[in-house]
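Chains as they are written, first to last, in the numbering used here: chain A, 460 to 575; chain B, 34 to 930.
Think of the CB as a built atom: it goes at the ideal place given N, C-alpha and C, for glycine as much as any other residue.
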């Protein structure tokens, strides 16, 4: 993640990361399932329009970080399921590392100013 | 996104493009399913299905928006909507074949005419000459207050070669016919060129070499270089021809080499490409002032035409020192661009034609714009709906422009076909003497420039006619339009005015073009009416080259002329026969003269065209005798020297007094050319020796047998002897017989170049004829298109106002009055256009004044007749709809919804 990206990009990038993580943890999911999971984890803090998940899924698919295939959903309807690819896992690992590094720096920074 | 990620995304987009439809369908399904799941979630929570669905949608976010963002993400939205526009345009076209046919044909004609003329412009003006750095080639000339003469004399050439200033590689060339002797004699074309010529024009050798500077000196030996075509034809391309000999004019010439294929189209004369090249062998100490060849050179690096001309000042000074009196005080040396000379004054004619076809194209665009405006109104509802459904104004404009583009692409393709084929066919029939177009226009054709031009014109055209309707349509007021019923879409005052403006402009343009064409037609008619001074009917001409040792005296030449004439006169089909150095319309030799016994201020009294002839010349050409007598066979070498002058010479130099009492001496005191005093024995009628529109030059005719030997030898080396035969029956039928008789009379010299004099005359006016023909065709097309435009406007307006007319008629209006009303309104538009046209033509006609002959640019006859013609045509165009208006059935019209 580079500094200086536009706000929309940051939000997009964040959502993409969440979707990747969800798929890494839950295994193959369809769009609805991913949206539910994100809602659950974020405790309704994130007020997203659910449809944006699909834009995110398309982006991830174009970058070949996830793959799509058709299957049957819980209510026996034809649904598209997404799976994370190995490239996706590598990307996830890299981005997780970035986040944690920044979080660490921020934490130290904030603690510093508190101490001072 | 990093650059790499962008690339990966791009590749995915490309893949998606292929599966467009399927992907959209799948996305649709996916989103729908998500909403269903949400809905069932709310239903399970106890909410009513309808409400549940609504809440699901809200939670999901705007479905349309998501779809849009997905669409933007995948494929290429811009490209795809353009493709969609194109598909839509094509569908629209297939549904309206009649409309499309009219539009495409109209455009095809307009664009085609432009393509045709541009093809010619491209070949003649834009295509560079096939020589190294052709734009740096210049021709050396002498400039006087009267003009510039791009011809050279040996004396001038020598000075130019020594003191060329900023002009390098000064060369000379001259093409002439000669006889290939040894075996069956055959007439060939020989080029006399200096040693530098081949390098200057980039002529490479295929075998052997070209002449050295030593071989180009007066006694440098008899050598020759063969032209490539001649080498193939005559010797089958045999290598061993180098080093052998060729007999030309009775003399053996050693063949030094053979040229590789060399394009001489720009420099050759009417005889055609040279078969052999002979060294010019100009004497560096020559005192000869006759101008009979061309001198060409190359600009030194960094020099321009102006700077090179200025750098010739020292050369002029040297020339004056060496030959006092030979260069007038107001004369100087200069250079002119060689490609410019080759093209000559065709350039301005071609630009006139380009202007004319541009007019035609604009008129065609106006018509098409009108048609599209009409169509736009019938589609008004559809466009309003589109706007309501979210198509932005830009999208609608883009839609209409795409349609325009498709139409103009079709029109352009058709125009390209019309244009290239049409001009080839036209030139094959009448090349009009235009330089560089090749035999029968073969060199004019399709190349990348013409293609690019057509594409650009098509695009510009579609912009011109497509923008109008597009802008109009994009301003539609939605609610108004949707409220309106059926076909009475109320095109509105503004739209009708826009169409009227278009028609006014096209009528104006058509009028300007018609005026131009009419002026040219009058010029053409006037030129035709010019009395050339001789009767070309029943006359044939041919030539024979006497360049050989046998004919180095005037008496020898005179003998051939006499013997040939005698033999020909015995033939039953021959009425008169003669020979001369030159025939009318093919130029003469300019020489100065002195009138004996008259006081002299300068070196000479005046100059005129000097024409050595045989007896029977005036009778053969039907040139009238005004006073005195013509030449007879008795005027030979032994008889007293005589001369016959033409009326112009008599009038100019004997305003009062009798020429027949005086003697003139031609080129008095000049070496080689100077002759004895001659008694003037007759005055004959004037003949146009050059172009028909020029005043006849003062001319002196003398018996060839009586000119100095040196002069005669010079002449036979320079020009072939021209034979003239007046026949009783069909002129060309006797060709074979005449040739045989002449060959016998001359001891075996071949005769060639048989032509009827009528053809010679025709060729001299061929170019202006051709331009006039084209202009008339374009003006006619403009007239037709303008008429269609007026008809269309009036017919449409009548159609729109059918209800209104029905009301008028129902209320008791006279049907004649209705008709007259329509006519008045239609004619008002037409006449406005005519007025606009007259004003423009009045201002613009001055531009073509240089092309006109005996007709003023603001000729009252033309300016009266053309507007009347256009008004009459407009009336015809208005009449039909007017009659239809008068015949409207009130009841039916009122019922029309």
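Check	Outcome
Helix, strand or coil for residue 611(B) per DSSP?	strand
Let me make sure I understand the geometry here. Which of 228(B), 54(B) and 442(B) has the alpha-carbon closest to that of residue 249(B)?	228(B)
At the 8 Å Cβ level, is residue 528(A) part of the contact set with chain B, yes or no?	no
Are the CB atoms of residue 524(A) and residue 404(A) within a distance shorter than 8 Å?	With chain A covering 460 to 575 only, the question about residue 404(A) has no answer from this structure.
Please list, in chain order, the chain B residues whose beta carbon lies closer than 9 Å to that of residue 588(A).	Here chain A covers residues 460 to 575 and nothing more, so residue 588(A) does not appear.
Taking CB distances under 8 Å as the criterion, tell me whether residue 38(B) reaches chain A.	yes
Within a Cβ cutoff of 6 Å, which residues of the same chain sit near residue 739(B), ignoring the five residues on either side of it in sequence?	674
Buried or exposed: which applies to residue 440(B), given that a residue is buried once 16 or more other Cβ atoms fall within 10 Å of its Cβ?	buried
Strictly by DSSP, which residues pair up with residue 733(B)?	643(B) and 678(B)
Take residue 396(B) and list the residues in its own chain whose beta-carbon comes closer than 7 Å to its own, dropping the five residues that flank it on each side.	539, 542, 543, 815, 818 and 819
Do residue 597(B) and residue 778(B) have their CB atoms nearer than 8 Å?	yes
How many whole angstroms separate the CB atoms of residue 990(B) and residue 613(B), which I take to be in contact at a CB cut-off of 8 Å?	There is simply no residue 990(B) to check, as chain B begins at 34 and stops at 930 in what is shown.
Does the contact criterion of 3 or more C-beta pairs under 8 Å hold for the region 505-517 of chain A versus the region 552-570 of chain A?	no
Leaving aside the five residues before and after residue 520(B) along the sequence, list all residues of the same chain whose C-beta is less than 7 Å from its C-beta, in chain order.	Bear in mind that a pLDDT of 45 at residue 520(B), under 50, signals an unreliable position, so the model cannot answer this.
Considering only C-alpha positions, which residue in the set 517(A), 542(A) and 569(A) is nearest to residue 583(A)?	The structure shown has nothing for residue 583(A), since chain A only spans 460 to 575.
Give the residues of chain B in contact with residue 518(A), contact being defined as C-beta atoms less than 9 Å apart.	42 and 106
Decide if residue 220(B) is buried, meaning its Cβ has at least 16 other Cβ atoms within 10 Å, or exposed.	buried
Identify whether residue 520(B) lies in helix, strand or coil by the three-state DSSP scheme.	Low confidence applies here, because residue 520(B) scores a pLDDT of 45, under 50, leaving its location unreliable and the question unanswered by this model.
Check residue 462(A) in the structure and name its three-state DSSP category.	Note that residue 462(A) has pLDDT 44, beneath the 50 cutoff, so the model's placement of it is unreliable and the number below is only indicative. Residue state, collapsed to three classes: coil.
Taking only runs that begin and end inside the region 523-582 of chain B, name each unbroken beta strand (DSSP E) of 3 or more residues, in chain order.	572-577
Output the distance between the C-alpha atoms of residue 463(A) and residue 166(B), rounded to the nearest integer angstrom.	Note that residue 463(A) scores 45 on pLDDT, short of 50, meaning its location in the model is unreliable; the coordinates nonetheless yield the value given after this. Their Cα atoms are separated by approximately 57 Å.
Are the C-beta atoms of residue 59(B) and some chain A residue less than 8 Å apart?	yes
Tell me the DSSP secondary structure of residue 627(B) in three-state form.	strand
Looking at C-alpha atoms only, which residue of 812(B), 834(B), 282(B) and 342(B) is the closest neighbour of residue 387(B)?	812(B)
Is it the case that the region 489-500 of chain A contacts the region 76-83 of chain B, given that we only count it when at least three CB pairs across the two stretches are under 8 Å?	no
Output yes or no for whether 8 Å exceeds the beta carbon distance between residue 708(B) and residue 698(B).	yes
Taking only three categories from DSSP, how would you classify residue 28(B)?	Any answer about residue 28(B) is impossible in this case: the structure gives chain B only from 34 up to 930.
When you compare each of 797(B), 533(B), 451(B) and 51(B) to residue 862(B) by their alpha carbons, which one comes out closest?	533(B)
Starting from residue 500(A), trace the alpha helix (DSSP H) both ways and give me its first and last residue.	490-501
What are the start and end residues of the alpha helix (DSSP H) that includes residue 650(B)?	650-654
So is residue 549(A) in contact with chain B if we call contact Cβ pairs under 8 Å?	no
Got a sec: which bits of the region 64-78 of chain B sit with their beta carbon under 7 Å from any beta carbon on chain A, in order along the chain?	64, 66, 67 and 70
Strictly below 9 Å CB to CB, what residues from chain B border residue 523(A)?	41 and 45
Would the beta-carbon of residue 666(B) fall within 8 Å of that of residue 776(B)?	no
Can you give me the start and stop residues for the alpha helix (DSSP H) that residue 963(B) sits inside?	With chain B covering only 34 through 930, there is no way to say anything about residue 963(B).
Run the CB neighbour count on residue 148(B), radius 10 Å, all protein chains shown included, and call it buried at 16 or more, exposed below.	buried
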